[in-house]
Amino acid sequence: MDTSKWKEYFNYKLVHTCKKTGARAGVLHTPHGDIETPIFMPVGTNSTVKMLTNYHLEQTQPHIILANSFHLYLKAGTKRIRNFGGIHGWMNWHRPVLTDSGGFQVFSLANINTITEDGVKFKDPKSGQEHYITPEKSMEIQEDIGADIAMAFDQCAPYPCSWKDAKQAMERTHRWLERCMQAHTNPRQALFPIVQGAFYEDLREESARVISTYKDAVGYAIGGLSVGEPLDIMNKFVKFTTDRLPQDKPRYLMGVGTPEDLMDGILRGVDMFDCVLPTRNARHGSFFTYEGKKNIKNKQFEDDASPLDSACSCYACKNHSRAYIRHLYRCGEATGQTLLSIHNTQFLLDFVKKARQAILNDEFDEFVAKHYDVMRKNKI
Numbered sequence: 004m005d006t007s008k009w010k011e012y013f014n015y016k017l018v019h020t021c022k023k024t025g026a027r028a029g030v031l032h033t034p035h036g037d038i039e040t041p042i043f044m045p046v047g048t049n050s051t052v053k054m055l056t057n058y059h060l061e062q063t064q065p066h067i068i069l070a071n072s073f074h075l076y077l078k079a080g081t082k083r084i085r086n087f088g089g090i091h092g093w094m095n096w097h098r099p100v101l102t103d104s105g106g107f108q109v110f111s112l113a114n115i116n117t118i119t120e121d122g123v124k125f126k127d128p129k130s131g132q133e134h135y136i137t138p139e140k141s142m143e144i145q146e147d148i149g150a151d152i153a154m155a156f157d158q159c160a161p162y163p164c165s166w167k168d169a170k171q172a173m174e175r176t177h178r179w180l181e182r183c184m185q186a187h188t189n190p191r192q193a194l195f196p197i198v199q200g201a202f203y204e205d206l207r208e209e210s211a212r213v214i215s216t217y218k219d220a221v222g223y224a225i226g227g228l229s230v231g232e233p234l235d236i237m238n239k240f241v242k243f244t245t246d247r248l249p250q251d252k253p254r255y256l257m258g259v260g261t262p263e264d265l266m267d268g269i270l271r272g273v274d275m276f277d278c279v280l281p282t283r284n285a286r287h288g289s290f291f292t293y294e295g296k297k298n299i300k301n302k303q304f305e306d307d308a309s310p311l312d313s314a315c316s317c318y319a320c321k322n323h324s325r326a327y328i329r330h331l332y333r334c335g336e337a338t339g340q341t342l343l344s345i346h347n348t349q350f351l352l353d354f355v356k357k358a359r360q361a362i363l364n365d366e367f368d369e370f371v372a373k374h375y376d377v378m379r380k381n382k383i
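For what it's worth, my numbering labels the leading residue of the sequence shown as 4, then goes sequentially.
Quick look at the structure:
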């Protein structure tokens, strides 16, 4: 398609670059509203952020959420979603949405799929029914869902892998990207290319160069990281990749979501993040605080009248004590997990808002230093 058509509906403005760190603050305009970056995107795998109603979610004030095209294709059926007016009508959600392409499921379900040059054949892990997704099919699925941002269909190499296997996956990703661009027809839905290349500098450099030739793309994604590699290696390749992507477009690091990961990514020029961690942690009793991660199951909270975090203004923290939420969680009451999910989601959204303000004030280095100083004092 003529990617210049996106310019009518999407625009990114780099507002400020922190003088001391190079961290970035920007605004991405979409058909369903503006996204202030850096931003964390809560994940709504099955067209809902787990444990939260839309009302709960709206209170956390996310600028954008993510939905999983692979799971929606298998479960709701994307033609059904299209008949409801797309994901916004289906969910009754009127802010921006991003869909992944299904490429990560190609990676994570490697034991039940077969990858060919044309696409991926796999079985539904629950029903056993066979499906076949090509780049063209991925675009059809995502256009049916109708999110504001769609991702190109890619192949993610595992960690570790050989240079030969990484190169093969990267080159296939590039060929699939061209097919995605040709198949994608909706100018109201931006399509982000994805950098691959595993953990080889020459491949990452080549992939960043290739996807950057799609100059009218609204943004670019960094794939193939946070797949089991050590943190220092991930951070090295995040920085290596962002240094080779256009400065005037948002960069999206896929699948990253602890406060420390967000800070490390922002320091290295990343603008957008997503992860299932806030609600997944909540379902296991974990909650974020500015003193580090804690677990509500611990006996120390049995009679604790304080909120989950005294600096947090979420519904859970304004209305309930640690002791009460611990009681609900230990009794198996779903409300306990909901309250923890509300808190964790808003915590990360507030965290990136504070990071953005620090960037605008040219104080992001101080923001990072203060956070890690607190972590060290609490021996986390």
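For each residue, glycine too, the CB sits at the ideal point set by N, CA and C. If you're wondering where the values come from, they're calculated on a predicted model, not measured in any experiment.
Residue i in three-state terms, based on DSSP
{"i": "threonine 33", "result": "strand"}
{"i": "serine 191", "result": "The question names serine, but residue 191 in the sequence shown is arginine. Three-state DSSP puts arginine 191 in coil, outside helix and strand."}
{"i": "proline 262", "result": "helix"}
{"i": "phenylalanine 87", "result": "coil"}
{"i": "glycine 47", "result": "strand"}
{"i": "methionine 4", "result": "Confidence at methionine 4 is low in this model, with a pLDDT of 44, below 50, so the placement of that residue should be treated as unreliable; the coordinate-derived value is given next. Note: methionine 4 maps to coil in three-state DSSP."}
{"i": "leucine 248", "result": "coil"}
{"i": "leucine 55", "result": "coil"}
{"i": "serine 393", "result": "Residue 393 lies beyond the range of the chain shown here (4 to 383); nothing can be said about it."}
{"i": "isoleucine 148", "result": "helix"}
{"i": "glutamate 95", "result": "Before going further, note that residue 95 is asparagine rather than glutamate in the sequence given. Note: asparagine 95 maps to coil in three-state DSSP."}
{"i": "threonine 176", "result": "helix"}
{"i": "lysine 239", "result": "helix"}
{"i": "histidine 66", "result": "coil"}
{"i": "isoleucine 299", "result": "coil"}
{"i": "phenylalanine 304", "result": "helix"}
{"i": "isoleucine 165", "result": "In the sequence under discussion, the amino acid at residue 165 is serine, which differs from the isoleucine named in the question. Three-state result, serine 165: coil."}
{"i": "phenylalanine 107", "result": "helix"}
{"i": "threonine 24", "result": "coil"}
{"i": "glutamate 139", "result": "helix"}
{"i": "threonine 292", "result": "coil"}
{"i": "aspartate 277", "result": "strand"}
7 Å CB neighbourhood of residue i in its chain, flanking five on each side removed
{"i": "asparagine 116", "result": "Val109, Val123, Lys124 and Phe125"}
{"i": "glutamate 39", "result": "Val30, His66 and Arg359"}
{"i": "glutamate 208", "result": "Arg247"}
{"i": "histidine 323", "result": "Leu342"}
{"i": "phenylalanine 202", "result": "Tyr162, Glu232, Ile236 and Phe240"}
{"i": "glycine 268", "result": "Val241, Leu256, Val259 and Phe276"}
{"i": "leucine 77", "result": "Asp127"}
{"i": "leucine 270", "result": "Thr24, Ala26 and Val371"}
Residue environment, residue i, which counts as buried when at least 16 other CB atoms sit within 10 Å
{"i": "cysteine 334", "result": "exposed"}
{"i": "aspartate 376", "result": "exposed"}
{"i": "glycine 106", "result": "buried"}
{"i": "isoleucine 197", "result": "buried"}
{"i": "aspartate 353", "result": "buried"}
{"i": "glycine 226", "result": "buried"}
{"i": "leucine 234", "result": "exposed"}
{"i": "aspartate 205", "result": "exposed"}
{"i": "alanine 169", "result": "buried"}
{"i": "glutamate 143", "result": "buried"}
{"i": "alanine 372", "result": "exposed"}
{"i": "serine 130", "result": "exposed"}
{"i": "glutamine 132", "result": "exposed"}
{"i": "alanine 172", "result": "buried"}
Opening and closing residue of the beta strand (DSSP E) in which residue i lies
{"i": "threonine 117", "result": "116 to 118"}
{"i": "threonine 102", "result": "100 to 103"}
{"i": "glutamate 133", "result": "133 to 136"}
{"i": "isoleucine 328", "result": "Here isoleucine 328 belongs to no beta strand (DSSP E); instead the alpha helix (DSSP H) covers 325 to 333."}
{"i": "lysine 16", "result": "14 to 20"}
{"i": "lysine 126", "result": "123 to 126"}
{"i": "alanine 220", "result": "Here alanine 220 belongs to no beta strand (DSSP E), and DSSP marks it neither H nor E."}
{"i": "tyrosine 255", "result": "254 to 256"}
Sequence-distant residues of its chain with Cβ nearer than 8 Å to residue i (five each side left out)
{"i": "lysine 357", "result": "Phe370"}
{"i": "alanine 319", "result": "Pro310, Leu311, Ile328, Leu342, Leu343, Ile345 and His346"}
Contacts around residue i, its chain only, beta-carbon distance under 6 Å, and the 5 residues preceding and following it disregarded
{"i": "lysine 8", "result": "Pro190"}
{"i": "glutamine 145", "result": "Ser72, Thr102 and Ala153"}
{"i": "threonine 292", "result": "Asp312"}
{"i": "asparagine 14", "result": "His32"}
{"i": "proline 314", "result": "According to the sequence as given, residue 314 is alanine; it is not proline. So the list reads Tyr293, once near-sequence residues are dropped."}
Run of the alpha helix (DSSP H) containing residue i, from where it starts to where it stops
{"i": "phenylalanine 350", "result": "337 to 363"}
{"i": "phenylalanine 370", "result": "367 to 380"}
{"i": "asparagine 322", "result": "318 to 322"}
{"i": "asparagine 284", "result": "280 to 286"}
{"i": "isoleucine 214", "result": "204 to 215"}
{"i": "phenylalanine 156", "result": "From DSSP, phenylalanine 156 is part of no alpha helix (DSSP H); its letter is neither H nor E."}
{"i": "tyrosine 76", "result": "72 to 77"}
Give a yes or no on contact between the segment 218 to 231 and the segment 186 to 195, applying the rule of three or more CB pairs nearer than 8 Å.
yes
Three or more C-beta pairs below 8 Å linking the segment 254 to 264 and the segment 274 to 283
yes
Pairs of beta-carbons, one from the segment 201 to 214 and one from the segment 175 to 182, closer than 8 Å: are there three or more?
yes
Three or more C-beta pairs closer than 8 Å, one from the segment 297 to 306 and one from the segment 49 to 58: is that the case here?
no
Any 3 or more C-beta pairs closer than 8 Å across the segment 14 to 30 and the segment 129 to 142:
no
Count the C-beta pairs between the segment 157 to 166 and the segment 263 to 271 that are closer than 8 Å, then say yes if the count reaches three, no if not.
no
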